[in-house]
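Residue numbers (this note's numbering), protein chains in the order written: chain W, 402 to 728; chain R, 402 to 728; chain C, 402 to 728; chain S, 402 to 728. A short write-up of the structure that comes next.
4 protein chains.
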Amino acid sequence: MQLGIIGLGRMGGNIARRLMRAGHSTVVHDLNDEAIKVLVGDGALGANTLEALVEQLEAPRAVWVMLPAGEPTENTINALAKLLSPGDAIIDGGNTFYKDDVRRAAKLSKDGLHYLDVGTSGGVWGLERGYCMMIGGEEEVFKRLEPLFKALAPGVGDIPRTRGRTGEYDRAEHGYIHAGPPGAGHYVKMVHNGIEYGLMQAYAEGFDLLRSKGGNELPEDQRFKLNVAEIAEVWRRGSVVTSWLLDLTADALVADPQLSEFSGSVSDSGEGRWTIDAAVEQAVPVPVLSSALFARFRSRQQQGTYGDKILSAMRLGFGGHVEKKGE
Amino acid sequence: MQLGIIGLGRMGGNIARRLMRAGHSTVVHDLNDEAIKVLVGDGALGANTLEALVEQLEAPRAVWVMLPAGEPTENTINALAKLLSPGDAIIDGGNTFYKDDVRRAAKLSKDGLHYLDVGTSGGVWGLERGYCMMIGGEEEVFKRLEPLFKALAPGVGDIPRTRGRTGEYDRAEHGYIHAGPPGAGHYVKMVHNGIEYGLMQAYAEGFDLLRSKGGNELPEDQRFKLNVAEIAEVWRRGSVVTSWLLDLTADALVADPQLSEFSGSVSDSGEGRWTIDAAVEQAVPVPVLSSALFARFRSRQQQGTYGDKILSAMRLGFGGHVEKKGE
Amino acid sequence: MQLGIIGLGRMGGNIARRLMRAGHSTVVHDLNDEAIKVLVGDGALGANTLEALVEQLEAPRAVWVMLPAGEPTENTINALAKLLSPGDAIIDGGNTFYKDDVRRAAKLSKDGLHYLDVGTSGGVWGLERGYCMMIGGEEEVFKRLEPLFKALAPGVGDIPRTRGRTGEYDRAEHGYIHAGPPGAGHYVKMVHNGIEYGLMQAYAEGFDLLRSKGGNELPEDQRFKLNVAEIAEVWRRGSVVTSWLLDLTADALVADPQLSEFSGSVSDSGEGRWTIDAAVEQAVPVPVLSSALFARFRSRQQQGTYGDKILSAMRLGFGGHVEKKGE
Amino acid sequence: MQLGIIGLGRMGGNIARRLMRAGHSTVVHDLNDEAIKVLVGDGALGANTLEALVEQLEAPRAVWVMLPAGEPTENTINALAKLLSPGDAIIDGGNTFYKDDVRRAAKLSKDGLHYLDVGTSGGVWGLERGYCMMIGGEEEVFKRLEPLFKALAPGVGDIPRTRGRTGEYDRAEHGYIHAGPPGAGHYVKMVHNGIEYGLMQAYAEGFDLLRSKGGNELPEDQRFKLNVAEIAEVWRRGSVVTSWLLDLTADALVADPQLSEFSGSVSDSGEGRWTIDAAVEQAVPVPVLSSALFARFRSRQQQGTYGDKILSAMRLGFGGHVEKKGE
């Protein structure tokens with residue numbers, strides 16, 4: 402099949418490459434001409450403008466937009482929509498807020514255009530491992546473009562089969578699903594990232610406990626000096642907490658168990674936040690997912706929070722406790 | 402009545418004074434001779450040794466130990482026990498772990514000695530406002546010493562009476578209770594402090610939200626520059642969140658709304674920690690009380706936690722996100 | 402002064418009454434004619450339609466809308482806006498989302514209309530205690546209507562003055578403030594309610610700990626049977642956790658320490674939720690405020706959550722633990 | 402080598418089997434004669450008493466105690482210690498609290514006995530997958546018994562090697578480590594379980610969010626009916642949240658996406674609780690690990706908590722909100 406791709410960053414470029422390796426053809430565009438050239442070198446057709454991209458695609462066209470969520474994606478889709486024809490499809494592979502998908506799909510459908518939202522996990526490893534995809538949109542359009550998704554997905558591989566599954570391997574086992582109507586793909590991806598935050602924070606707290614067992618909070622004769630790199634490694638072997646995130650942690654701890662190169666200031670992104678908003682909207686208690694997000698917020702306030710100073714002010718008030726600077 | 406008092410810090414000294422103002426007599430001891438002199442100046446009998454203190458008291462004696470919890474209290478009580486006679490009573494007014502009370506009371510009773518544990522709230526304000534007391538121990542002994550507790554307590558004052566209460570004002574309305582057997586006094590005080598942590602953190606988070614509404618996380622046209630001192634003041638007037646802790650916050654914010662003199666590093670004490678241990682033991686979910694304690698732990702790690710670096714290491718691993726120092 | 406009031410529920414009706422007691426005059430409207438009649442009996446002018454209400458007010462008019470937030474308030478304000486003249490002011494005293502205030506104020510100002518948002522705390526007690534008010538909107542309009550706010554506010558009363566405050570009592574000390582531009586009033590009220598949730602949950606967890614100390618989770622010889630009503634009462638007397646919420650708890654526990662009439666299912670409202678959304682937007686960690694909201698969400702799922710069943714399913718998977726129904 | 406094993410439940414029995422498959426010999430004991438017979442059928446020597454077990458072992462002996470933590474383990478070790486000779490070693494493979502290990506090892510060493518604590522993960526899958534082991538105790542004794550641990554461990558298998566590791570595969574890569582002095586093995590296992598709780602709760606909350614997106618809290622036109630079994634499956638394929646726990650979840654959801662057979666009441670065990678106690682002792686904030694434990698506590702109070710009723714009582718007090726039974 403043929404796919405137009407807009408945005409040739411790490412994700413977009415590798416998506417093009419993985420598709421071409423599977424025998425599909427791509428027409429690619431980026432604001433950066435150099436990025437286009439590189440992909441053309443890999444076998445893609447280049448397009449310096451949206452117009453040129455649309456012209457080089459055969460109807461019904463499919464264009465994958467792989468840009469930062471928010472304005473870049475929104476503006477590009479709006480511009481693209483004016484150039485496309487009824488029956489064409491726009492695929493948003495970025496980290497879009499699922500309610501934006503719902504709105505956009507409704508708007509585009511008035512012009513006869515289709516819209517698929519693709520939540521993609523696998524990041525920098527996707528070219529090699531394949532992309533895990535959760536896809537929202539009309540089922541018919543999804544099915545039309547399914548060969549592309551199948552090529553991008555990891556495939557069955559050598560992962561042991563889930564107990565109770567029999568017969569032909571289905572889509573999910575190949576690593577992509579049709580999650581539901583527009584927005585459902587990004588909704589599922591959002592929850593995926595919410596879980597990711599929680600898992601990461603669980604390991605982070607655990608390793609803090611391993612390390613602090615050797616630290617100053619305890620009397621010397623109660624301390625254990627534990628080897629965190631060894632522990633991460635042994636947990637990869639038959640323990641209940643084996644996971645890919647643990648594998649990555651083990652990688653990092655081999656290089657430097659102190660992790661001294663890191664600042665301790667941790668970013669967060671839209672999905673982690675939207676997950677909490679969704680939980681609030683749907684009245685679901687999510688203490689772990691929210692704690693994980695808040696830990697990141699807190700990590701960025703290395704000078705102490707205003708709230709902490711409020712605590713000290715009260716403590717001074719009722720107990721004469723002094724927690725002032727330089728004391 | 403007559404009371405021996407050991408430990409003439411802010412608390413012990415003021416307890417002696419408040420008792421003497423009410424017509425009771427005290428025999429006082431401290432490692433610091435100067436502290437004894439000051440109290441003698443206020444009308445107490447001084448004792449430079451435990452032996453001297455015990456000698457000057459008439460049987461059945463009552464001795465109030467007002468020392469830091471842990472070893473200082475433990476050692477003093479052990480020494481004192483050897484000097485006292487069956488029927489005498491030791492009162493621990495410090496911040497003792499309630500399980501230590503249980504153990505101690507059992508041990509002392511073998512020698513015919515009585516033990517009362519008194520959880521005391523009111524801190525530096527007690528001399529003036531009176532002490533709110535939660536008392537554990539044998540009921541008979543409690544009743545024998547009740548005149549002392551009544552004198553120390555705030556009394557009925559001008560606080561509006563609780564709806565549904567009628568008739569004579571009871572002990573609780575005077576500001577002291579017999580909570581239960583040995584340990585019950587400190588247990589109730591421990592829970593009091595656990596709640597205190599939670600209340601404080603609730604205000605801290607709220608004031609953080611007030612302040613951050615004017616800060617950089619928001620686009621300029623969505624910010625409100627709020628006057629936190631005014632807000633604390635208005636909330637004291639008929640709102641649902643009125644409290645003594647809010648009063649203290651209002652005090653502090655009049656002096657400096659930035660609270661710039663505070664380091665942001667906040668201490669915690671035994672009670673806050675034991676509350677969480679008790680919750681774990683009793684299988685009670687205490688997300689608020691534990692969050693409040695953890696916020697204090699976190700406030701003291703101003704260089705970032707090891708756990709936060711673990712997060713960054715994973716993010717680098719799966720997404721190529723760089724959160725290193727100096728970047 | 403003269404004020405129009407729309408919505409004569411408990412809040413609106415008492416606002417009218419408190420204003421009239423202070424010598425102001427009111428023109429009142431409600432969908433329920435009976436409610437109007439009652440207020441007319443108290444001295445108000447009645448208006449059966451919005452048109453009649455507007456006609457009976459002298460320009461520049463001020464109309465207080467006291468209706469459920471969301472559609473009822475929105476629709477009424479839209480209808481009212483068509484009847485008013487430039488210079489008139491609409492006051493929204495309900496529990497409106499502050500971003501709706503911002504939007505509304507901008508829209509109304511195009512027609513020369515003014516908009517004040519009044520966050521009001523004090524609930525059912527306001528007629529007697531006065532209303533604590535946080536007000537957003539243009540300063541000029543606020544000042545014009547200030548006599549009304551002053552009459553509604555609790556006033557200085559006999560609350561001890563905040564340390565460091567001197568001279569004339571200011572607005573905050575009377576119990577109302579001009580918090581900032583449109584939306585600021587409801588923003589501050591929202592944070593107030595967020596704090597309220599946190600405070601309530603801190604007490605709830607503490608009382609759970611008091612009660613569970615006498616329960617089955619502990620061996621019999623480690624239990625204390627604590628008198629929660631007495632404890633709530635004694636904490637009202639000089640302790641650090643004194644507050645109005647504690648007073649209310651003490652009221653309830655006198656009536657029934659078991660609280661057996663309550664279902665244990667607890668509602669939440671917009672403000673508690675919006676507080677978390679604001680924290681997420683402003684990157685403020687609010688573990689206590691969010692835990693308090695989640696505890697209410699959880700309280701309404703008395704049959705167990707799907708998430709809990711996921712836990713059991715995993716436990717069966719890795720450990721053979723059986724947590725099935727009827728076992 | 403030769404190993405004595407006491408306690409032939411699922412874990413102890415399979416440990417014996419896995420050792421015998423690797424060519425080691427075992428002498429086994431259990432209170433249940435039938436359990437002994439079964440193992441004898443598999444090639445073990447049986448011992449109906451501790452004495453018989455000790456007699457059949459050659460010095461220096463090694464005895465693995467695989468019993469429920471607490472009294473059963475404690476009593477057995479005490480009885481065994483009386484029968485053993487200097488130089489012999491006791492291995493506690495149960496879920497013992499690490500501070501008990503420290504105490505025991507010190508006590509046994511006075512009689513010249515050695516003590517190893519082995520934290521074991523892998524549960525019911527160990528016979529087949531091998532046991533992941535974290536071992537505390539004297540290094541010399543550990544080394545003497547290392548052939549046993551190597552035989553029990555999963556071995557290198559086909560797990561991709563951690564980046565940065567080169568040369569010979571070390572112990573951790575075979576699936577067992579010498580974690581440190583007595584207690585270190587169970588400490589590391591405890592933290593492992595703490596992390597496990599956090600990971601599980603992260604998934605639980607995520608799946609709750611997937612399910613609730615189709616539920617009544619949302620207006621009908623905002624719902625997505627998501628296929629949770631498909632989602633679990635697709636996440637196993639190249640996503641960031643792949644893990645063994647997710648594999649188990651996928652297994653369960655194939656069988657019944659409703660999980661309707663589960664009660665929703667979830668147990669917890671010592672390790673999860675001790676993890677929180679350790680965090681409190683070491684001043685480490687663990688919001689995720691504690692939230693995970695509290696969620697389980699909460700799951701078992703299906704009739705609502707006393708704390709929730711306290712909330713309702715306050716709400717009735719300040720706002721007239723009624724949350725009583727049957728209303």
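Even for Gly, the Cβ is constructed at its ideal location relative to N, Cα and C. From a predicted model like this one, the values you see are computed outputs, not experimental measurements.
- Take C/ASP502, set aside five residues on each side of it, and the residues of its chain with a beta-carbon closer than 6 Å to its own are ASP518, PRO583, GLY584 and HIS587, in chain order.
- The C-alpha of R/GLY527 is placed about 24 Å away from the C-alpha of R/THR477.
- With at least 16 other beta carbons inside 10 angstroms of its own, S/GLY705 counts as buried.
- Interface flag for C/SER668 against chain W is unset, since no Cβ pair is found closer than 8 Å.
- For W/PRO688, the C-beta contacts it makes with chain C under 7 Å involve SER692 and PHE695, in order along the chain.
- Within the stretch 645 to 677 of chain C, contact with chain S at the beta-carbon level (separation under 7 Å) is assigned to LEU646, LEU649, THR650, ASP652, ALA653, LEU660, GLU662, PHE663, SER664, GLY665, SER666, VAL667 and SER668.
- Less than 8 Å separates the beta-carbon of R/LEU690 from that of R/ILE677.
- The DSSP-derived three-state label of S/PHE698 is helix.
- R/ASN433 places its beta carbon 8 Å or farther from that of R/ALA470.
- From the listed residues R/LEU514, R/LYS551, R/SER664 and R/HIS430, the smallest Cα separation to R/GLU539 is found for R/LEU514.
- The closest CA to that of R/HIS722, considering only W/PHE719, W/GLN683, W/SER666 and W/ARG716, is found on W/SER666.
- Contact between C/LEU600 and R/ALA603 holds, since their C-beta atoms are separated by about 5 Å, short of 8 Å.
- Put simply, the stretch 472 to 486 of chain C touches the stretch 444 to 457 of chain C. At least three CB pairs are less than 8 Å apart.
- Comparing C-alpha distances from R/LEU549 to each of R/ARG564, R/ARG462 and R/PHE625 shows the shortest one belongs to R/ARG462.
- Neighbours of S/ASP609 across chain C, judged by C-beta separation under 7 Å: THR706, TYR707 and GLY708.
- At a beta-carbon threshold of 7 Å, the residues of chain C lying near W/PHE698 are ALA684, VAL685 and PRO686, ordered along the chain.
- In the DSSP assignment, the residues bridged to S/VAL466 are S/ILE407 and S/ASP493.
- Exclusion of the five residues before and after S/GLU634 leaves ALA651 as the residues of its chain whose Cβ lies within less than 7 Å of its Cβ.
- The C-beta of W/SER522 comes closer than 8 Å to at least one C-beta of chain S.
- Take the alpha-carbon of R/LEU694 and the one of R/ALA653: they are about 22 Å apart.
- If you draw a 10 Å sphere on the C-beta of R/TYR516, you find 16 or more other C-beta atoms in it, and that means buried.
- At a cut-off of 8 Å between C-beta atoms, S/HIS722 does not count as an interface residue with respect to chain W.
- Of the candidates S/GLY671, S/ALA554, S/ILE596 and S/GLU631, the residue whose Cα lies closest to the Cα of S/PRO658 is S/GLU631.
- Close to R/GLU606, with beta-carbon spacing below 7 Å, are these residues of chain W in chain order: GLY708.
- Listed along chain R are GLY607, LEU610 and LEU611, each with a C-beta nearer than 7 Å to that of C/VAL592.
- At least 8 Å separates the CB of S/GLN457 from every CB of chain W.
- A residue is called buried when at least 16 other Cβ atoms come within 10 angstroms of its Cβ; C/ALA490 meets this threshold and is buried.
- Residue-level contact by beta carbon fails for R/VAL635 and chain S, as no gap is shorter than 8 Å.
- Along the stretch 498 to 529 of chain C, none of the residues has a CB nearer than 8 Å to a CB of chain W.
- Judged by their CB atoms, C/HIS579 and C/LYS551 are not nearer to each other than the 8 Å cut-off.
- Residue state for W/VAL641 is assigned as coil, using DSSP reduced to three classes.
- Note on W/VAL681: 16 or more other CB atoms within 10 angstroms of its CB, so buried under the neighbour-count rule.
- Beyond the five residues adjoining it in sequence on each side, S/TRP675 comes within less than 7 Å, by CB distance, of PHE498 and MET591 in the same chain, given in chain order.
- For W/ASP609, there are no CB contacts under 8 Å within the same chain when 5 residues up- and downstream are skipped.
- Under the three-state reduction of DSSP, S/THR676 is assigned to helix.
- Between the alpha carbons of S/ALA423 and W/LEU420 lies a gap of roughly 48 Å.
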